[in-house]
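Number of protein chains: 2
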Amino acid sequence: MSRSKRKITINDIARLSGVSKKTVSRVINDSPKVRERTREKVMAVIEEHGYTPDPQARALALRRSSLIAMVYDNPSPQYVVTMLRGILDVLEGTSFQLVMKPVDRRSDSYRQDVLRFVEQQRIFGAIMPPSVSEDQELIDMVAGAGCRHVRIASVVLDTPENTVKTHDSDGAAQAARHLAELGHRRIAHIRGPKMFRSSHERLRGFKEVLVEYGIKLDSKLILEAGYTFDTGAQRATELLRMKNPPTAIFTGNDEMALGVYNAAQKAGIRIPDDLSVVGFDDTPIASRIWPNLSTVRLPIREMGKAAAELLIRDRQPARSSPLPYVSFSPSLVVRKSTAPPP
Amino acid sequence: MSRSKRKITINDIARLSGVSKKTVSRVINDSPKVRERTREKVMAVIEEHGYTPDPQARALALRRSSLIAMVYDNPSPQYVVTMLRGILDVLEGTSFQLVMKPVDRRSDSYRQDVLRFVEQQRIFGAIMPPSVSEDQELIDMVAGAGCRHVRIASVVLDTPENTVKTHDSDGAAQAARHLAELGHRRIAHIRGPKMFRSSHERLRGFKEVLVEYGIKLDSKLILEAGYTFDTGAQRATELLRMKNPPTAIFTGNDEMALGVYNAAQKAGIRIPDDLSVVGFDDTPIASRIWPNLSTVRLPIREMGKAAAELLIRDRQPARSSPLPYVSFSPSLVVRKSTAPPP
DNA sequence: CTGAAAGCGCTTACAG
DNA sequence: CTGAAAGCGCTTACAG
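Going down the list, the protein sequences come from chains G and L.
Numbered according to my numbering, the first sequence spans residues 5 to 346.
Numbered according to my numbering, the second sequence spans residues 5 to 346.
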């Protein structure tokens, strides 16, 4: 069995290629200080025997593992799994592995938990999607422990090498513009909780379009909800009961859009005939529900890839050209939930 | 910063408690061969200093990491994330960490990939949900590499210590019984692909209930689809076009049930008035779509916990009492998609 | 550009 | 029940 046949080590490679293990180590670690001929000779032996350095031994010597953590509190399974795939797309073939660390920001001990986790496992780096990425105190603790990080966020909170930015306001603007183009003038927005930066950004993009189309802002048409199905349904019910109800609703995420569907259903209001709806996220439900939901999509998998690449790339203090910010724009997916106003 | 204050090691604990490091090691590893007084003394020092053994160093010495892998090809994000939570529920507080290994069973190299992953990282154990759990060849390779495993499956494929069993047939029976009790006699079943064991089990439970209620089996009412939305919609369309169409459809999973919704919608057939539908899985969509889908729910999170517990428990060859199989039964969630036949 | 020695923080036979 | 020594497979100053 495989475990009984002794694993090949750096010593074997050193002996076989007639150099010291230190030189093999240098080759493995891409040290510039090794003669080209020597490097080639060692590489040949390494490849011939399919040698890969033992991650545990390296971790012990380097005092840092090859573990990348995804620290998240995002409640959407779709988001989590898609980002995970993106991260793994780039970790594949490297010696890095992905460990999952779901957290609950409402817990008092969560920062301590993460810190202990990062220290004990000597995590190489952490990737944080929203809303964990917005917790400056946590980031400071993690960085203080010598662990790298990359934050995915809708606003710039960090240096370029630690940031993947998403243009949420642009996505919201696309949604609002689509509605305005269809002729809607009374457009409501059910926004997410104020504690999430994304909800501000999406509101901001929405408002910009109103200005763009000369639509007067009616503050009664902007309601806050909790990014959940139930709160979305609640706010929608309120909107639909107004004496002068909106002809279109843009919600801060798909979950709330589904709540709008539910409220409309109960009120006997047809989508899109009587009411247009646009969501945000493009969750799987969007293309399953009837009528199919028009929504805004962020390239989650690509964002995961970008985050992983930033995290594991060489970080030379002597970088000459400053790194630009990596950013992603959402795209509007027009389906069947939008139509001209009645 | 934390990383600069030297981490406390086994040597510190040994010195502080006046014993050798070997004895500390014994205490850490729950060796029986240490005097009670000595153990207490050492434990006190350990707790006082919040010492935890370095996972990397242990891994190197033991030639095995404290990494648990979840190897999966299940396409449902909900399933994956929920099981992940269950696994983490029991890993929390231990030194084990969870690494994710999504695979594609259709790839030729996937078994080799997993094997290399398991060997290189010296994975402690792997948890495999369906359908990966049904791949005997993969399991043999993983076991041959000295890596433990626990399979989650709808049929018994392994010993009790390696198995978490689900009673899929029972869940299907509950669904069919619910329909029969409502008065349905022409009940169709859209089953999943033959290559999945679960699809056989669910079909089996379905058939048992027909016998139980003296309903003659009409083979034209049992169709195979691909566990997907589109194939479900396709089969449903065929069923609804029959001269004597079914009054109820039980599908092998929720995705296909949503396909049925879609087909019914297009055919102008109302759910549940004209057609009752029951799914399987209780995905988030089930309680978002209108009418809310009646479906069968497996306790995924509990299953994940059970799998993790089996995996990390002591495995004494000298076990006296044989371990019983750990198994889980699904429960029917009755919502709004079922009613008496028209 | 290359090597001998020491060290990372644990565990494992082997003695006693 | 307890300890001294060697080893797991790497990397890191330090020399040369």
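Every residue, glycine too, gets a C-beta built ideally from N, C-alpha and C.
Treat the numbers as computed from the prediction; the structure is a model and nothing was measured.
Query raised in the report: Going by the C-beta, is Ala177 (chain G) closer than 6 Å to any heavy atom of the ligand ZN?
Result: With respect to the ligand ZN, the structure offers nothing, as it holds no ligand at all.
Requested in this report: In the DSSP assignment, find the unbroken beta strand (DSSP E) run with Glu228 (chain G) in it and report its ends.
Outcome: Ile226 to Glu228
Query raised in the report: Going along chain L in order, which residues have a C-beta closer than 8 Å to the C-beta of Thr98 (chain G)?
Result: Ordered by position in chain L, no residue passes the 8 Å Cβ test against Thr98 (chain G), which lies about 11 Å from the chain.
Query - Rounded separation between Ala76 (chain G) and Ser135 (chain L) - CA only - result: The sequence as given places Tyr at residue 76 (chain G); Ala does not occur at that position. Taking the straight line joining both Cα atoms gives about 27 Å.
Query - Closer than 7 Å to chain G by CB, Ile289 (chain L) - result: yes
**Report entry** Nearest-angstrom beta carbon gap, Glu138 (chain G) and Leu161 (chain G) [assumed within contact, 8 Å]
**Finding:** 7 Å
Report task. To the nearest angstrom, report how far apart Pro303 (chain L) and His204 (chain G) are at their CA atoms. Result -> 37 Å
Report task. Determine, using beta carbons only, whether Ser6 (chain G) comes closer than 7 Å to chain L. Result -> In this prediction, Ser6 (chain G) scores a pLDDT of 37, lower than 50, which makes its location untrustworthy; the coordinate-derived value is nonetheless stated afterwards. Interface residue, yes.
Query - Chain-ordered chain G contacts of Asn266 (chain L) [CB-CB under 9 Å] - result: Contact annotation for Asn266 (chain L) against chain G: Arg292 and Trp294 [CB-CB distance below 9 Å, chain order].
Query raised in the report: Got a sec, what are the start and stop residues for the beta strand (DSSP E) His193 (chain L) sits in?
Result: Ile191 to Arg195
Report task. Would you check if the segment 51-61 of chain L and the segment 271-284 of chain L touch, i.e. whether three or more CB-CB distances between them fall below 8 Å? Result -> no
Requested in this report: Flag Thr56 (chain L) as yes if its beta-carbon sits less than 7 Å from any beta-carbon of chain G, otherwise no.
Outcome: yes
Query raised in the report: Going along the chain, which residues of the segment 185-203 of chain G sit with their C-beta nearer than 8 Å to a C-beta in chain L?
Result: none
Query raised in the report: What residues of chain L sit near Pro133 (chain G), judged by a beta carbon separation below 7 Å?
Result: Within chain L, no residue comes near Pro133 (chain G); the closest Cβ sits about 13 Å away, beyond 7 Å.
Report task. Say whether chain L places a C-beta atom closer than 7 Å to the C-beta of Ala343 (chain G). Result -> Not closer than 7 Å to any Cβ of chain L, the Cβ of Ala343 (chain G) fails to qualify, so no.
Query raised in the report: Helix or strand or just coil, what does DSSP make of Leu221 (chain G)?
Result: coil
Query raised in the report: For Ile275 (chain G), which of helix, strand or coil comes out of DSSP?
Result: The answer is coil: DSSP assigns Ile275 (chain G) none of H, G, I, E or B.
**Report entry** CA-to-CA distance, Leu66 (chain G) to Pro79 (chain G), given in whole angstroms
**Finding:** 35 Å
Query raised in the report: Whose CA, out of L:Thr98, L:Val282, L:Gln82 and L:Ser325, lies closest to the CA of Ser335 (chain L)?
Result: Each of L:Thr98, L:Val282, L:Gln82 and L:Ser325 was checked against the Cα of Ser335 (chain L), and the nearest Cα belongs to L:Val282.
Query - Beta carbon proximity, Met307 (chain L) to chain G, threshold 7 Å - result: no
Query raised in the report: Can you list the residues of chain L that Pro276 (chain G) reaches, using a CB-CB cut of under 8 Å?
Result: Chain L residues near Pro276 (chain G): none, gap ~15 Å exceeds 8 Å.
Query - Ser21 (chain L) - containing alpha helix (DSSP H), residue span - result: Ile14 to Ser21
Report task. State the CB to CB distance for the pair Leu344 (chain L) and Leu186 (chain L), rounded to an integer number of angstroms; the pair is presumed to be in contact (CB under 8 Å). Result -> Contrary to the premise, residue 344 (chain L) reads as Pro rather than Leu in this sequence. The beta carbons of Pro344 (chain L) and Leu186 (chain L) sit about 5 Å from each other, so the pair counts as a contact at 8 Å.
Query raised in the report: With a cut-off of 7 Å, does the C-beta of Pro36 (chain L) fall near any C-beta of chain G?
Result: So no, Pro36 (chain L) is outside the interface.
Query - 7 Å Cβ cutoff met for Ile14 (chain L) and Lys25 (chain L) - result: Against a cut-off of 7 Å, the Cβ pair of Lys25 (chain L) and Ile14 (chain L) comes out as a contact.
Query raised in the report: Quick one, which residues of the segment 43-70 of chain G are near chain L if we go by CB-CB under 7 Å, in chain order?
Result: Thr56, Pro59, Gln60, Ala61, Ala63, Leu64 and Ser69
Query - Limits of the beta strand (DSSP E) - the one that Arg152 (chain L) falls within - result: Arg152 to Ala157
Query raised in the report: Over what stretch of residues does the alpha helix (DSSP H) that includes Phe210 (chain G) continue unbroken?
Result: Arg201 to Glu216
Query - Those residues which DSSP pairs with Tyr329 (chain L) across a bridge - result: In DSSP, Tyr329 (chain L) forms no bridge with anything.
Query raised in the report: How would you list, in chain order, the residues of chain G whose beta-carbon sits under 7 Å from the beta-carbon of Phe233 (chain L)?
Result: Arg292
Report task. Could you tell me whether any Cβ in chain L is nearer than 7 Å to the Cβ of Met260 (chain G)? Result -> Judged by the 7 Å Cβ criterion, Met260 (chain G) is not in contact with chain L.
**Report entry** Neighbourhood of Val23 (chain G) by C-beta, 7 Å cutoff - its chain only, sequence neighbours within 5 removed
**Finding:** Thr42 and Val46
Query raised in the report: What are the boundary residues of the beta strand (DSSP E) that includes Val282 (chain L)?
Result: Ser280 to Val282
Query raised in the report: Going straight from the alpha carbon of Phe332 (chain L) to that of Glu306 (chain L), what length do you get?
Result: 9 Å
Query raised in the report: Since Pro134 (chain G) sits in a beta bridge, which residues does DSSP pair it with?
Result: Looking at the DSSP assignment, Pro134 (chain G) forms no beta bridge with any residue, so it has no partner.
Query raised in the report: For Ala240 (chain L) versus Val215 (chain L), is the C-beta distance shorter than 7 Å?
Result: no
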